[in-house]
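As structure tokens, the structure follows; a few thoughts come after it.
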Amino acid sequence: MYEVGGACVMTFTCWFNFLLQTTRLAQAARGHGCESRSTTNQNQTERMSTIRTLIGSVLLLLGILYVYFYAWRSPRSSKHPEPVQYPVAPPVGRLSAAVNHVFHLVAPDHLKYKQPSIVNGRTDVVTLTPWLAPVVWDGTFNPVLLDSIYQSKNITVAATVFAVGKYIRFLKKFLETAEPYFFVGFRVNIYVFTDHPKDVPRVQMAGGRKVVVRSVPSSNRWQEISARRMELIQNLIEEVHDSVDYIFCLDVDSEFHGRWGSESLGGLVAVIHPGYYRDDRGRFPYERRPESRAYVADGEGDFYYCGGAFGGLLQEVSLLAKTCDLNFKADAKEGIEAAWQEESHLNRYMWINKPSKILSPEYLWQDFKPRNPEVRIVRFSGVVKNYADIRPNV
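The structure is reproduced here in structure tokens:
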């Protein structure tokens, strides 16, 4: 690299001197004897041509040197490895139809619903991000209108939960409460990943709704269980991409208390973490070590998102899961584990790849927290639990 740089400098110097000497010799030769007016004009033209050639050559070589020193040799900090970022590929097959689900919204003819207002609405919360993604709160959508639009599209929604180790105890309440609240009236497949498949409870499901059990190995560290989620989600998406339109990845140690439906559908959907949504971003528990690929520097970031609830179109969630998984594994090879495992990598990803829809803390509250005034309804909430009892290495 340095030899090439030296060669560029030497080439520049030699070429500059050659052109300069050529110009001087031409001027000296033209200075001897008397010249006719036509000869003088010709010499002036040649002189201007030589000067233009000299200037053009100098600018060209300066451009080469600029590219070398400021682009090629620009060092990347060894303390801040570049995270993997995947380009968004055009959707194919069923995913192409799912994109139309987001952008082509057709309401049934003669549907009766309350007239919307452009001047009256919620003023106690923010309902739109700076990049114009809606933030879903109670009172910002019409469930009758949305359900009528999306039910006509004949979509299928998947949900994933991980009931590994002692977390299997939370599965029954999760499934029982999902039945009356989670995408009621839609086709729903709930994929349960567990190391105790025989202990999966039988819950009565409505038509078009089912539970699919997937066996996974046990682990002695809850961090490893958490870390495997992204890889397993990615594998599942590759398997079901022809039969499912949307997917939501949810924590099993949570219960539904209210509607979670078509208002949550979008490209890439994030949920605001209930513990930090009122805080300055300087207090967010981002991964702050530059050595990690989940690194978010001070003064950066938008919101702090939950790792326990996220989703969207299969294509978008696939990109998220694949990117987070590869970055997590690249960190692990260097002996680094992000502060909050896949949640840290998810927050890094969503800072760069902005969610197209954000769900308010209504969509993942915490049972031990008193409800704040702006949270009119709790739709989904993490149950109170003893981590020392359910996590293998706590």
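Numbered per mature numbering (1 follows the signal peptide of the UniProt record, and there is no 0), the sequence shown spans residues -28 to -1, 1 to 366. Beta carbons: idealized from backbone N, C-alpha and C, even for Gly.
An exposed status is given to Trp103, since fewer than 16 other beta-carbon atoms sit within 10 Å of its beta-carbon.
The Cβ neighbour count for Leu83, taken over all protein chains shown within 10 Å, is under 16; the residue is labelled exposed. Scanning Lys326, Val116, Lys86 and Ala360 for the CA closest to the CA of Glu288 turns up Lys326. In the structure shown, Gln123 adopts helical secondary structure according to DSSP, grouped into three states. Measuring C-alpha to C-alpha distances from Ile349 to each of Pro333, Ala311, Ala360 and Asn358 identifies Pro333 as the nearest. Taking each of Glu210, Cys278 and Leu222 in turn and checking the Cα distance to Phe256, the smallest one comes out for Cys278. Of Val164, Ser316, Ile362 and Tyr122, the smallest CA-CA separation from His245 is found for Ser316.
Val133 places its beta carbon less than 9 Å from that of Asp223.
For the 9 Å CB-CB criterion, Ile219 and Gly284 form a contact.
Per DSSP, Leu318 lies in no beta strand (DSSP E) segment; the continuous alpha helix (DSSP H) that holds it begins and ends at Gln313 to Ile324. Bridge partners of Cys278 according to DSSP: none are assigned.
Sixteen is the threshold: since fewer than 16 other Cβ atoms of the shown chains lie within 10 Å of the Cβ of Tyr85, the residue is exposed. Tyr163: member of the beta strand (DSSP E) spanning Arg159 to Thr166, first to last residue.
About 15 Å separates the Cβ atoms of Ser264 and Asp297, ruling out a contact at the 8 Å cut-off.
By the CB criterion at 9 Å, Ile140 and Asp96 fall outside the cutoff. Residue pairing of Arg186 in beta bridges, as defined by DSSP: Phe165.
Burial of Ser236 is indicated by the presence of at least 16 other C-beta atoms within 10 angstroms of its C-beta.
Using a 10 angstroms sphere on the CB of Lys329, the tally of other CB atoms reaches 16 or more, which defines it as buried.
Listed in chain order, the beta strand (DSSP E) runs fully inside the region 69 to 154 are 128 to 135, counting runs of at least 3 residues.
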